[in-house]
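K.L.:
Under UniProt numbering, the first residue of the sequence shown is numbered 1, with each subsequent residue one higher. Even for Gly, the Cβ is constructed at its ideal location relative to N, Cα and C. Since the structure is predicted, the reported quantities are computational estimates derived from the model, not experimental observations.
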Amino acid sequence: MSRKKSNSIHNREEESEEPVKRQRLSESLQRSSILHSEQDEYLEGSIVRVALKNFVTYDACEFFPGPNLNMIIGPNGTGKSTIVCAIALGLGGSPSLLGRAKEISEFVKHGHERASIEIELKGSPRIGNIIIKRQIKRSNNSSVWKINGQPATQKEILTEINALHIQVDNLCQFLPQDKVCEFAQMSPSELLKETQKAAGEEDLTDWHNKLIQSRNEEKQLQSSMKSEADHAENLEKRNAVLERDVVRFQEREKILRRVRLYEMRIPFARYGVAKQEYDIAKDERRLAHAEYQRILKENEPMEESKNELKRIVQKADNNRKVVNETFTRQTRQLKTKANEMEKMESEIDELTKDIADIKNREKHRKQVIVNLQSEIEALEVLVEREPPSADTSEIQPQIESVLREIRDVADKGNELQSDQEKIIGEGREINNQLNQLQQKLVDLEDIRNRRLDNLRLIDKDTYQATIWLRENRHRFEHHVFDPIALEINVKDMRYLNAIESAIGLSTFKNFVCQSKKDYDLFSQCVVDGLKLRVNTVMFGHLKLSNFNPPVPVSEAKRFGFSGYLLDFIDGPEPVLTALCTLSALHEIPVSLEEVNNDSVEGSRLFRSYIAGRNRYVIKYSQYGQKLPSVQSTGLRRGRLLSTSVSAEQRQQIENDINRFRNTLRENEAKVKELSTKYKQIRDRDQDLRKKRDKLQEEKKVLQSARKIYEKNKITLEQKKSLLIQKLEEPQKAQSEEECKRDKLHSSIRTRGQLALQYQELLQEISDLYYKRTLAALQYMQVGAELTSLEALCRERTNALRDATVRFKQANSTFENAKEKAKQLLAEANASIAEMDDDTKVEFQEFGKDMSLEELEDAIVSERAKADLNYATNPGILEAYNNRKKQIDQIKISLAEKEATLNSVIQRMEVLKSKWVPRISELVQRVSVKFSEAFDRIGCAGELKLSPNEDYDKWSIDILVKFRDHEKLQVLTGQRQSGGERSVSTILYLMALQELAKAPFRVVDEINQGMDPRNERMVHSQLVQVACQPNTSQYFLITPKLLPDLEYHERMKILCIYNGEWQPERFPIKSYIDNARVEASKA
């Protein structure tokens, strides 16, 4: 067995013990715990086997409960309640049922990604046992279900569970440790509902729910009917008051009705007048149209002549255009031929000129040959006598000595100049570095400003206080630091998220003072004066050296840590002291990678640490072995310190700037010294060069005669070469001339052909010019005839236009009259469109033959009659009629609801006749069992069914009495002690044992708080009830048991051995043998 955290469940019936690894029960236990005969004793739905892996505190375990009473025992903290959680969650329950964790992922063992629960239930002989497996994944808080190895949904699991009458959400069947008090605090009504469910009689629950629903429906109907009856009575009383006013109003309405009928006749009378105007306009339009048609008919022959003449003009114009286009095209061709002839003439001139140039070049060549021959003869005479060589042996050493001295001086000057340029270049480089360093200082200050802007978005009060502090820092005795977020920097940005997660936003906003006086002044000015809500701290009595880590960094690195958070932060010492006080950064080790969590927790050196992307907080139990519990939270992303700079870096930049400035001043002095030396060398160089020039001039005079001889000799050779070249040129010139002459003859022939073609085109253009003139004259003649005819047509057109205008005016008058008549007719029809049929019949004969004036007089007369009657408010009649309608509707609604109410009452009587006897019988049977159980422990108890008019308030009252002088009192979560509530709860559950259809029950630590006497008696009754044949399976979880308790062969004791220091081998057989020996001695 592992010595880290090992979990195992051992069976008391086990005969021998073998080594257990990873919390497994021995193979012998698995083989011996479920025999074939024992399988037959399990009720359908009982738990045959439970297997867990990486669940809460268990790595892996498997156990086989018995068919009757199973007592799971073990010390506190060993994982007894974990077994209860596994059964509930493995059978489809949710974490909320257990009252522990909210998310299913919290049941996965720390350090693992997945956990699994596998429960084997006794099935029917036909289908065999049912194996349900739930696999839990931590990362996405999800579960995967399987039934007999096949994937399934949670809905399918719950369907299977319900079919076996398993109710993990029923406290009467499944009572976890954290729900024991809740059971005692259940209201009597809730207890009745849970008891019905636990009894397994679905009809009872169904009838009860239907009775509750029907009673609610009955109350709603009765309330609604009473409200409606009262409302109808009120409406009838109010209508009785308005009777006389309604009659008077109806008389006046008759008069006004006649007025409305007259008024509706007026639009028809106006339409009659408009209809007469329409008929007159129609006749006038007909006459104007006839006149227009007559003039149009007279103009038709003239229009045909004009159209024919237009066609002739168009034809003549087209002929003229064709001739013009042909003339233009031929003219362009003539111009093209002329251009080609001109081009050929230019080519002939060019060739003629080239031939002349060739002749001129030949003539010039001959003259050059004559001149070269003369020059060669003269040069031969000059080179016949060679002059003596020049003696410069005396002057040359002097020149060489001066040149050597000049070179030495130049080397020294170059060396000085090189040194000077090197220093100047170094100065330029230093200036560049200075500019870069100064820019870095500006950037560092900008980082603080950016952080301050971020702080302004988070907390405006802190931002305003920072601005005030920067303007008033001179008022303080010592330096008062800005908010911590502006004063510290992260040395290594990889640890940014860890540092910000450990410090927290509220700490980042703290101002740090170094003295009590400054603290009081800052609080007085900022908090009291400016009314800003900011945080200020002062730890002037502490020093950073007071804060030591739990262990040295070298030892922390053995666990995989890189160091403590304080090691990766840079800032002023008072600020770091405040961070150690507020956030304990000196005690929190950090690693960028995951570490061995078990090793860190087992060392008990750290209460908090950061590894990878998570922060771990360790809390140690104050009892027993003080085992650790670990809370893990993810690191949040760092924002405030995402731009950081080290104070050491800032100081280094300032030191570099001062060093570079000192170097520049030193280099400036060196450059001045080198400039003086260089000027002296330059003066010496000028003197030497003058001496060299004088010596070279003397040497030049001696060498000039020899140079002239050498030059003439070279020139002679050049002239001879040129003469040979010129003598070879005649053959080439002759060939070029013949080629040019051939091209000239060809160009002349081409020009002759172009001249003939030009002559032919000129004759064609002359003919086309005659045709173009003739076509233009024809076009002008027919155009004049068309102009004359159009003038005549315009006169006739004016007459037609006048007739058209007269027709349009008549037509416009006609259309206006027509539109007016249509509009008046539409208005008249609209006025009667919404009439009811009776009004339309009356309207047909009312005022039918009256004129417009007669109708208006009748309206005035009728209105005078109406004014004589009292003008009742129209709203009175409307209110009267509305109330009357409401009364009729309410009476209909009351009749319908009364029928519905009778149906509901009848349905309730039927349900009540079924439910009340059955629930009374059930409560009585449970009460008898409950009373007998209390009698056996020397106390009294009974159950009382309390009826009520409302079925949701029917309840079971548990009445108990633990002392002779007391009366029976209702069991509540406050009146009885914890032990008394536990006794009452377990006895109530035992009373349900024989009646319930649930295949198993689970009770967790119900004996907590019982005195030894009650615990012993309750245990005895529990053994008697739960160990009877064919009873439900029972699980009792307890951390302790009294000695010498009653034992039954149908019991199974499951002992949990789970802890940090479990031995590799557990000799349970030896323990049992020793216990038997001790018992025999007693």
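For K310, does the three-state DSSP call read helix, strand or coil?
P.N.:
Here K310 sits in helix by DSSP.
K.L.:
If you drop the 5 nearest sequence neighbours on each side, which residues of the same chain put their C-beta closer than 6 Å to that of I130?
P.N.:
Closer than 6 Å at the Cβ level, and outside the excluded window around I130, lie L121 and G123.
K.L.:
According to DSSP, I569 sits in a beta bridge with which residue or residues?
P.N.:
DSSP output for I569 lists V490 as bridge partner(s).
K.L.:
Secondary structure at Q396, three-state DSSP: helix, strand or coil?
P.N.:
The answer is helix: DSSP assigns Q396 an H, G or I state.
K.L.:
How far does the beta strand (DSSP E) with F63 in it extend, from its first residue to its last?
P.N.:
Its beta strand (DSSP E) spans residues Y58 to F63.
K.L.:
Between the alpha carbons of residue 1086 and G560, how many angstroms are there, rounded?
P.N.:
Outside the modelled stretch of the chain, which goes from 1 to 1082, sits residue 1086, for which no answer is possible.
K.L.:
Our contact map puts L235 next to Q886 with C-beta atoms below 8 Å; I'd like the distance itself, whole angstroms only.
P.N.:
At roughly 6 Å, the Cβ-Cβ gap stays under 8 Å, so L235 and Q886 are in contact.
K.L.:
Count the other CB atoms, across all protein chains shown, that sit within 10 Å of the CB of G752; report buried if there are 16 or more and exposed otherwise.
P.N.:
Label assigned to G752: exposed.
K.L.:
For F268, which beta-bridge partners are listed by DSSP?
P.N.:
Beta-bridge pairing links F268 to no other residue.
K.L.:
Where are the alpha helix (DSSP H) runs, 4 residues long or more, that stay fully inside the region 533-608, in chain order?
P.N.:
Runs found: 553-556, 573-583 and 597-603.
K.L.:
Do V409 and K691 come within 7 Å of each other at the CB atom, strictly closer than that value?
P.N.:
Cβ distance not < 7 Å, so K691 and V409 don't count as in contact.
K.L.:
Taking just the CA atoms, how far does K337 sit from I355?
P.N.:
Their Cα atoms are separated by approximately 27 Å.
K.L.:
Look at E736 and I358 and say whether their C-beta atoms are less than 7 Å apart.
P.N.:
Yes. Within cutoff.
K.L.:
Does the Cβ-Cβ distance between A465 and V534 come in under 7 Å?
P.N.:
Contact flag set, yes.
K.L.:
Once you ignore the five residues that flank F539 on each side, which residues in its own chain have a CB closer than 7 Å to its CB?
P.N.:
Counting only Cβ-Cβ distances below 7 Å, and skipping sequence neighbours, we find T577, A578 and T581.
K.L.:
Cα-Cα, which of E44, Y1034, Y770 and L372 is closest to T715?
P.N.:
The residue with the shortest Cα to Cα distance from T715 is L372.
K.L.:
What are the start and end residues of the alpha helix (DSSP H) that includes A940?
P.N.:
Here A940 belongs to no alpha helix (DSSP H); instead the beta strand (DSSP E) covers A940 to S946.
K.L.:
Taking all protein chains shown into account, decide if I127 is buried (16 or more other Cβ within 10 angstroms of its Cβ) or exposed.
P.N.:
So I127 ends up on the exposed side.
K.L.:
Tell me, to the nearest whole angstrom, how far the beta carbon of Y271 is from that of A817; I am working on the premise that it is less than 8 Å.
P.N.:
About 12 Å separates the two Cβ atoms, so there is no contact after all.
K.L.:
Quick check: the Cα distance between N489 and K509, rounded to an integer number of angstroms?
P.N.:
When rounded, the distance between both Cα atoms is 15 Å.
K.L.:
Smallest Cα separation from N614: which of G602, T633, R607 and E113?
P.N.:
Here the closest residue by C-alpha is T633.
K.L.:
DSSP on W954, reduced to helix/strand/coil?
P.N.:
Of the three classes helix, strand and coil, the one that applies to W954 here is coil, per DSSP.
K.L.:
Figure out for me which residue from W954, N141 and V575 has the closest Cα to the Cα of T507.
P.N.:
The shortest C-alpha separation from T507 is found at V575.
K.L.:
Using a Cβ-Cβ cutoff of less than 8 Å, which residues in the same chain neighbour I800 once the five nearest sequence positions on both sides are dropped?
P.N.:
Position check: residue 800 holds Leu in this sequence, whereas Ile was assumed. Closer than 8 Å at the Cβ level, and outside the excluded window around L800, lie Y292, I295, L296 and N299.
K.L.:
Let me know if T57 comes out buried or exposed under the rule of 16 or more other beta-carbons within 10 Å of its beta-carbon.
P.N.:
Result: buried.
K.L.:
Distance check for Q417 and H478, CA to CA, integer angstroms please.
P.N.:
Spanning the two alpha carbons is a distance of roughly 55 Å.
K.L.:
Tell me which residues share the same chain as R661 and place their Cβ nearer than 6 Å to its Cβ, disregarding the 5 neighbours each side in the sequence.
P.N.:
Hits under 6 Å: none found.
K.L.:
Would you give the residue range spanned by the alpha helix (DSSP H) that L469 belongs to?
P.N.:
Residues K460 to N472.
K.L.:
Have a look at the DSSP bridge pairing and note the partners of A611.
P.N.:
For A611, which the question treats as bridged, DSSP gives the partners S591 and N614.
K.L.:
Whose C-beta lies closer than 6 Å to the C-beta of E27 among residues of the same chain, with five residues either side of it excluded?
P.N.:
Note that E27 has pLDDT 36, beneath the 50 cutoff, so the model's placement of it is unreliable and no number is given.
K.L.:
Alpha carbon to alpha carbon, what distance is there between Y42 and V84?
P.N.:
Distance between the alpha carbons of V84 and Y42: 19 Å.
K.L.:
Starting from M71, follow its DSSP beta bridges and name the residues at the other end.
P.N.:
DSSP lists L1036 and I1053 as partners of M71.
K.L.:
If you draw a straight line from the C-alpha of P188 to the C-alpha of P1029, how long is it?
P.N.:
In a straight line, the C-alpha of P188 is about 32 Å away from that of P1029.
K.L.:
Would you decide whether A669 is buried or exposed? Buried here means 16 or more other CB atoms lie within 10 Å of its CB.
P.N.:
Exposed: under 16 other Cβ atoms inside 10 Å.
K.L.:
For S37, count the other beta carbons within 10 Å of its own beta carbon; 16 or more makes it buried, fewer makes it exposed. Which is it?
P.N.:
Reliability fails at S37, whose pLDDT of 47 lies under 50, so the model's placement of it is uncertain and the value that follows must be treated cautiously. Exposed.
K.L.:
DSSP on N319, reduced to helix/strand/coil?
P.N.:
Residue state, collapsed to three classes: helix.
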